[in-house]
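The next block holds one structure in the form of structure tokens; read it before the comments.
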Amino acid sequence: MALFKKKKQENEGSAAIVEKEFDYQDAVLKALNAKLNGTLYDGCIIMPRGFTIDVKVGRRDEKEGIKLIQFIFLVSNDSFDEPLIDPVDAQGMTDEELVNMAVEIFYGGVWHPLDQSMYKKNPIHVPVTVLGQHYDFDMYAHSIVRIGVQDKQPTMLIGIIGNEIPKYLGSKKYYWVRIYMAKHKNNEIIEVRVNGSICSELAKPLKPYIDTWDASERFICEKQYAIFVQRTDDQCPFKKEDVTNAGKFAIERMVKISNPEEYQQFCADLDEYTNNKDLATEVRIFIPEIFAKLTLGYEEGDSLFLLTGDPGSEEGESKLEFRKTQLRSYFYLQQVILEYLNTRPPQEDVQRIVFNSVAFRELRKAKEQGHEPKDLYVPGTAYRVGNPGYRVW
718 MALFKKKKQE NEGSAAIVEK EFDYQDAVLK ALNAKLNGTL YDGCIIMPRG
768 FTIDVKVGRR DEKEGIKLIQ FIFLVSNDSF DEPLIDPVDA QGMTDEELVN
818 MAVEIFYGGV WHPLDQSMYK KNPIHVPVTV LGQHYDFDMY AHSIVRIGVQ
868 DKQPTMLIGI IGNEIPKYLG SKKYYWVRIY MAKHKNNEII EVRVNGSICS
918 ELAKPLKPYI DTWDASERFI CEKQYAIFVQ RTDDQCPFKK EDVTNAGKFA
968 IERMVKISNP EEYQQFCADL DEYTNNKDLA TEVRIFIPEI FAKLTLGYEE
1018 GDSLFLLTGD PGSEEGESKL EFRKTQLRSY FYLQQVILEY LNTRPPQEDV
1068 QRIVFNSVAF RELRKAKEQG HEPKDLYVPG TAYRVGNPGY RVW
């Protein structure tokens, strides 16, 4: 009995020596909530007007005694079609410094304009017209997060691309634009995202600005968010779930199609499944094209081209250009396809869908002429909808 009791005491002493790992997620949530005065519940912060904030811990590193951690903030709301995701790179000598930096970057960069949008503080009117359809948005943007900048007044990054942004907004209730710019010596990053989707063409006007930075001695970074809220309620006749369910239905059927008759039957079944011929047309057109873009390795621009008119008529065919972010089904379908590819489906199933894309047929011609997909740039995807009264949502 005495030996057993002594062993137990030794084990308890050893356990006390082991340091408990610092809970970064919990520390960030508590520090952020101290600023927001929300409600901590079940690992997230609940805020007024239906907003919730979650935090994930990403990559970690330590260099020369300085801790480096990426925190991923996720803001959700019933009016959002997808969560607002803000990756924040924080550093510090101590855990407390690191946590405080992450909280300040998120609070100033993301929460400030969101808070403005909730209480309609100082909105800027942004009118948008897409293929004859008009929307009115209020824009909220103020704080710019800067790291490594010295002796330089802040520049409103959103102002540099302000004239281009309406070309990327559509029928959704909420849009957010994230501008991220970083430079160190000759290495630079310019990234603009609209609702999480990279828009390469929207980044081009920012190039002259970053060229003025002197980053020869230090790392420089600037980031800004802008929130756009449509003044009226969302009028779209379908929900995100309708598109994702139709996308899954279509993929399951398309991998089995082996002849034109089966394809025609699939189209009829998809029309019936969606009960919306416009949506069904978008699904069957864009699934092969998105598969091609994700698997063939060519670079594609931000545009979509709606083909109208009769190519055989005197007027001929015309192309109406707009942006992918203005057609909400496009990125809903892309997410479905990415999730499907993550299941590592048989290669022949993927090929069966890709072979139906216009991009594949054009790339095959280019390859016969000696070009490789990685060297090719496609401005965007062209498509035609034969249904009268078709609207872009």
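Numbering-wise, this note's numbering comes out as the position in the sequence shown, counting from 1, plus 717. For every residue, glycine included, the Cβ atom is placed at its ideal position computed from N, Cα and C.
For Met-810, collect the residues of the same chain with a Cβ closer than 7 Å to its Cβ; drop the 5 residues on either side in sequence, then sort them by chain order. Gly-782 and Ile-783
For Val-1000 versus Leu-987, is the C-beta spacing smaller than 8 Å? yes
Neighbour-count burial assignment, Glu-1017, 16 or more Cβ in a 10 Å radius: buried
Inter-residue Cα distance where the pair is Gln-1051 and Val-1067: 14 Å
4 or more residues per run - each alpha helix (DSSP H) lying fully within the stretch 948 to 1028: 957 to 971, 977 to 991 and 994 to 1013
What does DSSP give as the partner residue(s) for Gly-1097 in the beta ladder? Ser-1020
In this structure, what does DSSP give as the bridge partners for Leu-923? None; Leu-923 has no bridge partner.
Just the C-alpha distance for Arg-935 and Arg-910, rounded to the nearest angstrom, thanks. 25 Å
Threshold first: 3 residues or longer. Then list the beta strand (DSSP E) segments lying entirely within the stretch 755 to 825, N to C. 756 to 758, 761 to 763, 769 to 780, 783 to 793 and 801 to 809
Inter-residue CB distance, Ile-927 and Met-898 (contact presumed, cutoff 8 Å): 5 Å
Roughly how many angstroms lie between the CA atoms of Ile-841 and Tyr-852, to the nearest whole one? 14 Å
So Cys-938 and Ile-875 are in contact, right, with Cβ under 8 Å, and what is the actual spacing, rounded? That belief does not hold up - the Cβ atoms of Cys-938 and Ile-875 are roughly 16 Å apart, past 8 Å.
Going by Cα to Cα distance, which pick from Lys-737, His-901, Lys-1041 and Phe-1003 is closest to Val-1071? Phe-1003
In whole angstroms, what is the alpha-carbon distance linking Ala-985 and Ala-819? 51 Å
Extent of the continuous beta strand (DSSP E) run through Ile-861: 861 to 864
Tyr-857 classed as buried or exposed, judged by whether at least 16 other C-beta atoms fall within 10 angstroms: buried
Give the range of the alpha helix (DSSP H) segment to which Ala-932 is assigned. Unbroken run through Ala-932: none, as it is neither H nor E.
Leaving out five residues on either side along the sequence, give the residues of the same chain with a beta carbon under 8 Å from the beta carbon of Ala-732. Any answer about Ala-732 is weak, because its pLDDT of 49 lies below 50 and its placement is not dependable; what the coordinates show is given next. So the list is empty, once near-sequence residues are dropped.
Starting from Asp-832, trace the alpha helix (DSSP H) in both directions and tell me its first and last residue. 829 to 835
Nearest CA to the CA of Thr-991: which residue from Glu-779, Gly-964 and Asp-798? Gly-964
So if DSSP puts Trp-893 in a beta bridge, which residue, or which two residues, is it bridged to? Ile-944
Determine the direct distance from the alpha carbon of Cys-953 to that of Lys-780, and round the result to whole angstroms. 50 Å
Give the single residue among Met-873, Lys-869 and Asp-868 whose Cα lies nearest to the Cα of His-859. Met-873
For Gly-767 and Asp-803, which I take to be in contact (beta-carbon distance under 8 Å), what is that distance rounded to the nearest angstrom? Contact flag wrong, Cβ pair sits at about 18 Å.
By DSSP, does Ala-899 sit in helix, in strand, or in coil? strand
Can you give me the start and stop residues for the beta strand (DSSP E) that Gln-1086 sits inside? Gln-1086 -> no beta strand (DSSP E), and no H or E assigned at all.
Whose C-alpha, out of Trp-930, Phe-1022, Met-835 and Ala-807, is nearest the C-alpha of Gln-1112? With the chain running from 718 to 1110 in the structure shown, residue 1112 is simply not present.
CA-to-CA distance, Lys-737 to Thr-846, given in whole angstroms: 56 Å
Nearest-angstrom Cβ-Cβ length linking Ser-1020 and Glu-1038, presumed shorter than 8 Å: 5 Å
Quick test of your reading: Leu-1011 and Ile-1054, contact by CB under 8 Å. State the CB separation rounded to the nearest angstrom. 6 Å
Thr-949: buried (16+ other C-beta within 10 angstroms of its C-beta) or exposed? exposed
In three-state DSSP terms, what is Gln-1064? helix
Can the beta-carbon of Tyr-942 be found closer than 8 Å to that of Ser-796? no
For Arg-1040, does the three-state DSSP call read helix, strand or coil? strand
Sort Ile-763, Asn-750, Val-946 and Asp-798 by Cα distance to Tyr-1049 and report the nearest one. Asp-798
Can you tell which of Gly-849, Ile-878 and Asn-976 has the C-alpha that lies nearest to the C-alpha of Glu-908? Ile-878
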